[in-house]
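Top to bottom, those sequences are chains A and B. For the first sequence, my numbering assigns the number 1 to the initial residue and increments by one for each residue that follows. For the second sequence, my numbering assigns the number 1 to the initial residue and increments by one for each residue that follows. No residue lacks a Cβ here, since even glycine has one placed at the ideal position from N, Cα and C. I have placed the structure first, in the form of structure tokens, so that the comments after it can refer back to it.
Protein chains: 2
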Amino acid sequence: MKLDVAFSPRELTASEVADRTVIVIDVLRATTTICAALDRGARAVVPAVDTEDATRLEEVLGPADVVLAGERNSVRIPGFKLGNSPSEMTSDVVQGKTLVMTTTNGTQALLGTAGARDVFVAAAVNLSVAGAAARAALEEHGDLLILCAGRDHGFGFDDAFIAGCLAERALGGRRRRKGLNDAALVAVDLVIRYRDRIERALALSRAGRELTARGFRNDVTAAAQVDAHPVLPVFRDKRITLAQHGARS
Amino acid sequence: MKLDVAFSPRELTASEVADRTVIVIDVLRATTTICAALDRGARAVVPAVDTEDATRLEEVLGPADVVLAGERNSVRIPGFKLGNSPSEMTSDVVQGKTLVMTTTNGTQALLGTAGARDVFVAAAVNLSVAGAAARAALEEHGDLLILCAGRDHGFGFDDAFIAGCLAERALGGRRRRKGLNDAALVAVDLVIRYRDRIERALALSRAGRELTARGFRNDVTAAAQVDAHPVLPVFRDKRITLAQHGARS
Numbered sequence: 001m002k003l004d005v006a007f008s009p010r011e012l013t014a015s016e017v018a019d020r021t022v023i024v025i026d027v028l029r030a031t032t033t034i035c036a037a038l039d040r041g042a043r044a045v046v047p048a049v050d051t052e053d054a055t056r057l058e059e060v061l062g063p064a065d066v067v068l069a070g071e072r073n074s075v076r077i078p079g080f081k082l083g084n085s086p087s088e089m090t091s092d093v094v095q096g097k098t099l100v101m102t103t104t105n106g107t108q109a110l111l112g113t114a115g116a117r118d119v120f121v122a123a124a125v126n127l128s129v130a131g132a133a134a135r136a137a138l139e140e141h142g143d144l145l146i147l148c149a150g151r152d153h154g155f156g157f158d159d160a161f162i163a164g165c166l167a168e169r170a171l172g173g174r175r176r177r178k179g180l181n182d183a184a185l186v187a188v189d190l191v192i193r194y195r196d197r198i199e200r201a202l203a204l205s206r207a208g209r210e211l212t213a214r215g216f217r218n219d220v221t222a223a224a225q226v227d228a229h230p231v232l233p234v235f236r237d238k239r240i241t242l243a244q245h246g247a248r249s
Numbered sequence: 001m002k003l004d005v006a007f008s009p010r011e012l013t014a015s016e017v018a019d020r021t022v023i024v025i026d027v028l029r030a031t032t033t034i035c036a037a038l039d040r041g042a043r044a045v046v047p048a049v050d051t052e053d054a055t056r057l058e059e060v061l062g063p064a065d066v067v068l069a070g071e072r073n074s075v076r077i078p079g080f081k082l083g084n085s086p087s088e089m090t091s092d093v094v095q096g097k098t099l100v101m102t103t104t105n106g107t108q109a110l111l112g113t114a115g116a117r118d119v120f121v122a123a124a125v126n127l128s129v130a131g132a133a134a135r136a137a138l139e140e141h142g143d144l145l146i147l148c149a150g151r152d153h154g155f156g157f158d159d160a161f162i163a164g165c166l167a168e169r170a171l172g173g174r175r176r177r178k179g180l181n182d183a184a185l186v187a188v189d190l191v192i193r194y195r196d197r198i199e200r201a202l203a204l205s206r207a208g209r210e211l212t213a214r215g216f217r218n219d220v221t222a223a224a225q226v227d228a229h230p231v232l233p234v235f236r237d238k239r240i241t242l243a244q245h246g247a248r249s
């Protein structure tokens, strides 16, 4: 059994992603927002590298069906309809639409998973569903990689904490250390320390503090709502969609 | 006050190192071994990028005064007199010599500090002395960066734990969170969790387990001996020497 956590995409080479099940976390806010959007009826979310890539994808996909979403340094990109706030993902805006999305850390992490077998998207808002997918991957393949988007290529407390929550569920509550890499050990320790104080842990992180300072404290609260959006987003063929019931994913 | 921990050199850009006091940790084993060598009378330790760089430096410095030291994947480099084991650093071998040293992670981290104001070397074996230097830097400049060598560009539990010990000493035992980056918060949490079980924490890390599996368990024990080598190695002008008493460093 091999359960790896990577605290940032920089820790990984392409060969360390190849043919693995990867679960990507950017809890503040990209993966929380993706879960909210798909739960509210968006058809798909397409991650874009940057603003130029996003507008190009909008042209290719046809502007009628596309909504542009994204931020840089927490703030909505000028000209984009949506920022990166889960509260913006209301049914009347996203229902039936394809969101083209670019964010500082989260979409970069997703785009770094090329070559993986399966890529799922996780946050606190879909913890139980994502945890079940994590556990299934461990049971079926004996292997799982939880990839934190992190912060500016470094460590992010918020993502590390949710990685621990996910690792714990993947292990089915067993307190085992064998097969965990060093980052997974620490992530699980974080959960033991903060346990159910998820909002506290997220608010404590630099991302949480910066969001609060910039007027997005509600997003931190929303991101801490466990299972508020019980969906399993799957990233495949350059787009994120809901996992199909009954389909092998 | 700004106290940052970086879990691996990859998290840093040159601008994040510039003009700062940096303390480098590779407790298993490079920085432990460097402390041992200088404590046993080595004149200097010169980090080398790789085997070729090391043999070139040996030629430049003059083979009579130089001892080559280094490992790849824990094992001594063929043709080198020393590996990377603190127990090899006996007075009869290192006294008055310049060690040219290349290791998998530690020397790379040291070489990544170009542009820093001051660079110190830390491990458990010089924790009190390094902790005093860390505290002095925080008091004088209000800023400190603790840089973990990590493991293959990723997170290493062993270095993160010692980073926490050092951060705690830098803070003078105060339980404050303001000014700490996310990695520093987690490092301090690790110390609260493992406290005085330093050998246990080191043995638990992947580096510790691999050393044990390769017959270097004694090195893990040696690396856990707090203040066994109470020296302050300073990296300046491409070489590591002891800080001069009375000199400003």
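For a cut-off of 8 Å, the C-beta gap from Gly164 of chain B to Ala187 of chain B is around 3 Å, short enough to register as a contact.
In the three-state scheme derived from DSSP, where H, G and I count as helix and E and B as strand, Asp92 of chain B is classed as helix. CA-CA distance, Ala37 of chain A to Leu28 of chain A, rounds to 15 Å. Linking Glu71 of chain B to Ala6 of chain B through their CA atoms gives a straight-line distance of about 24 Å.
Taking the Cα of Asn181 of chain A as reference, the smallest distance to any Cα among B:Ala222, B:Val100, B:Arg206 and B:Glu16 is reached at B:Arg206.
Ranking B:Val220, B:Val49 and B:His153 by CA distance to the CA of Pro9 of chain B puts B:His153 first.
DSSP places Glu71 of chain A inside the beta strand (DSSP E), whose first and last residues are Val66 to Arg72.
Residues of chain A with a Cβ closer than 7 Å to the Cβ of Phe157 of chain B are, in chain order, Asp182, Leu185 and Val186.
Boundaries of the beta strand (DSSP E) around Val5 of chain A: Lys2 to Ala6. The straight-line gap separating the alpha-carbon atoms of Ala114 of chain B and Phe120 of chain B is approximately 13 Å. Within the stretch 195 to 211 of chain A, those residues whose Cβ lies closer than 9 Å to any Cβ of chain B are, in chain order, Leu204, Ser205, Arg206 and Ala207. Residues of chain B whose Cβ lies closer than 9 Å to the Cβ of Arg10 of chain A are, in chain order, Ser8, Arg10, Glu11, His153 and Gly154. In the DSSP secondary-structure assignment, Leu166 of chain B is not bridged to any residue. Of all residues in the stretch 33 to 44 of chain A, none places a beta-carbon less than 8 Å from a beta-carbon of chain B. DSSP places Ile77 of chain B outside both helix and strand once states are collapsed to three, so it counts as coil. Taken through DSSP and simplified to helix, strand or coil, Val49 of chain B comes out as coil. By alpha-carbon distance to Lys238 of chain A, the top candidate from A:Ala109, A:Glu199 and A:Glu140 is A:Ala109.
Secondary structure at Gly106 of chain B: helix, using DSSP grouped into helix, strand and coil. For Ala183 of chain B, the secondary structure class from DSSP, reduced to helix, strand or coil, is helix. Taking a Cβ-Cβ threshold of 8 Å, the residues of chain A close to Leu190 of chain B are Val186 and Asp189, in chain order.
Taking a beta-carbon distance threshold of 8 Å, Arg20 of chain A does not count as an interface residue toward chain B.
Nearest CB-CB separation between Ala149 of chain A and chain B: not below the 8 Å threshold.
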